[in-house]
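Novice:
Residue numbers (our numbering), protein chains in the order written: chain A, 7 to 128; chain B, 307 to 437.
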């Protein structure tokens, strides 16, 4: 059995992944709301905070990168939904997932490092 | 080709003996075995590093003053996401026999709590400049 290049499946979240255990399936499905919307809300409120705080002034790089980490974190959590439910499977999906993980991880490290950098140096 | 979970007569508490890095969600990875492992590891490590730097940032920036709840929530959210990313590795690699502990307490719940706390922290950050 080889991993296909790309394949789309119809999977009912009410009958998956725990088969007939509707309660557990519903739990896994509903828990994705705070997962995806948590990171999405972070991206939304951080940019609102930055626009309010800095106004017309340019947003510093550390904050811009930290915000990008939240944006890519949201993309990261979003792509895990079709992976878990196997709505999409295949090599293309895993390569995309890998790229998203690298980008979101990179921005998270860089953003938090730049935030800390000024004060660590001081 | 869908790989559903294998139903067990007794709830499987831990599925660590089924962990196999050649399969993700029960699907054979082939040449993608190492990139997939590296990607998953990097996600967990990036949260560890970010937690460290956020601690440094809040310690120095607020120097002696009370750290606002916005940053406390963000910090705890990123920290809990370390557990979630580790649990994701375990759960996805143990598929179709992941343990209940890995699936619920290490993967699903920490993801939800971590995401919720980061979102809430960012909301308070915004509220702090508007109120």
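For glycine and all other residues, C-beta sits at the position ideal for the given N, C-alpha and C. Here the structure is a predicted model, which means the values were calculated and not measured.
Is residue 103 of chain A closer than 8 angstroms to residue 115 of chain A when the C-beta atoms are compared?
Specialist: What you label residue 115 of chain A is simply residue 109 of the first chain in a count that begins at 1. What you label residue 103 of chain A is simply residue 97 of the first chain in a count that begins at 1. Against a cut-off of 8 angstroms, the Cβ pair of residue 103 of chain A and residue 115 of chain A comes out as no contact.
Novice: Could you tell me if residue 372 of chain B is buried or exposed, where buried requires 16 or more neighbouring beta carbons within 10 angstroms of its beta carbon?
Specialist: As a working mapping, residue 372 of chain B is identified with position 66 in the second chain. Classification of residue 372 of chain B: exposed, given that the 10 Å Cβ count is below 16.
Novice: Could you compute how far the alpha carbon of residue 309 of chain B sits from the alpha carbon of residue 390 of chain B?
Specialist: Here residue 309 of chain B corresponds to residue number 3 of the second chain, with the count starting at 1. Here residue 390 of chain B corresponds to residue number 84 of the second chain, with the count starting at 1. Taking the straight line from one Cα to the other gives about 22 angstroms.
Novice: Report all residues from its chain with a CB closer than 6 angstroms to the CB of residue 405 of chain B; omit the five preceding and five following residues, and keep chain order.
Specialist: Translated into the one-based positions of the second chain, residue 405 of chain B becomes position 99. Same-chain partners within the cutoff: 318, 319, 320, 321.
Novice: Per the DSSP calculation, residue 95 of chain A is bridged to which residue(s)?
Specialist: The sequence position of residue 95 of chain A within the first chain is 89, counting from 1. Paired residue(s): A:13.
Novice: What residues are listed by DSSP as bridge partners for residue 330 of chain B?
Specialist: For the purposes of this step, residue 330 of chain B is taken as the residue at position 24 of the second chain. In DSSP, residue 330 of chain B forms a bridge with B:333.
Novice: Answer yes or no: does any C-beta atom of chain B fall closer than 8 angstroms to that of residue 23 of chain A?
Specialist: In the first chain, the residue the question calls residue 23 of chain A occupies position 17. Chain B, which has a Cβ nearer than 8 angstroms to the Cβ of residue 23 of chain A, makes this yes.
Novice: Quick one: grab the DSSP three-state call for residue 369 of chain B.
Specialist: Along the second chain, one-based indexing puts residue 369 of chain B at 63. In this structure, residue 369 of chain B counts as coil in the three-state DSSP scheme.
Novice: By Cβ distance, which residues of its chain are closer than 7 angstroms to residue 9 of chain A, with the 5 residues on each side in sequence left out?
Specialist: To locate residue 9 of chain A, count along the first chain from 1; it is residue 3. Here the set comprises 96, 97.
Novice: Nearest chain A C-beta to residue 392 of chain B closer than 8 angstroms, yes or no?
Specialist: As a working note, residue 392 of chain B is residue 86 in the second chain. Not one chain A Cβ lies under 8 angstroms of residue 392 of chain B.
Novice: Kindly say whether residue 371 of chain B, judged by its beta-carbon, lies nearer than 8 angstroms to any beta-carbon of chain A.
Specialist: Locating residue 371 of chain B in the second chain gives position 65, counting from the first residue. Judged by the 8 angstroms Cβ criterion, residue 371 of chain B is not in contact with chain A.
Novice: Hey, quick one: how far does the alpha helix (DSSP H) through residue 413 of chain B stretch, first residue to last?
Specialist: As a position in the second chain, residue 413 of chain B is number 107, starting the count at 1. It is not in any alpha helix (DSSP H) - residue 413 of chain B carries neither H nor E in the DSSP assignment.
Novice: Chain A partners of residue 437 of chain B, CB-CB under 8 angstroms?
Specialist: Counted from its first residue, the second chain places residue 437 of chain B at position 131. Neighbours of residue 437 of chain B on chain A: none; closest Cβ ~11 angstroms, over 8 angstroms.
Novice: Apply the 10 Å Cβ neighbour rule to residue 331 of chain B and answer buried if 16 or more other Cβ atoms are within range, or exposed otherwise.
Specialist: To locate residue 331 of chain B, count along the second chain from 1; it is residue 25. So residue 331 of chain B counts as buried.
Novice: What first and last residue would you give for the alpha helix (DSSP H) that runs through residue 57 of chain A?
Specialist: Against the first chain, residue 57 of chain A aligns to sequence position 51. Where residue 57 of chain A is concerned, the enclosing alpha helix (DSSP H) stretches over 28 to 60.
Novice: Assuming residue 413 of chain B and residue 397 of chain B form a contact by the criterion Cβ under 8 angstroms, report the distance between their Cβ atoms to the nearest whole angstrom.
Specialist: By 1-based counting over the second chain, the position of residue 413 of chain B is 107. By 1-based counting over the second chain, the position of residue 397 of chain B is 91. Indeed they touch by this definition, with Cβ atoms about 4 angstroms apart.
Novice: Strictly below 9 angstroms CB to CB, what residues from chain B border residue 35 of chain A?
Specialist: Position 29 of the first chain, counted from the first residue, corresponds to residue 35 of chain A. Neighbours of residue 35 of chain A on chain B: none; closest Cβ ~10 angstroms, over 9 angstroms.
Novice: Among B:352, B:392, B:431, which one has its Cα closest to the Cα of residue 407 of chain B?
Specialist: Residue numbering aside, residue 407 of chain B sits at position 101 when the second chain is read from its first letter. The shortest Cα separation from residue 407 of chain B among B:352, B:392, B:431 belongs to B:392.
Novice: With 8 angstroms as the threshold, decide whether the Cβ of residue 18 of chain A is near any Cβ in chain B.
Specialist: On the first chain, residue 18 of chain A is found 12 positions in, with the first residue counted as 1. No, no contact with chain B.
Novice: For a contact defined as C-beta to C-beta under 7 angstroms, what are the partners of residue 43 of chain A on chain B?
Specialist: Position 37 of the first chain, counting from 1, holds the residue named residue 43 of chain A. The answer, in chain order, is 425.
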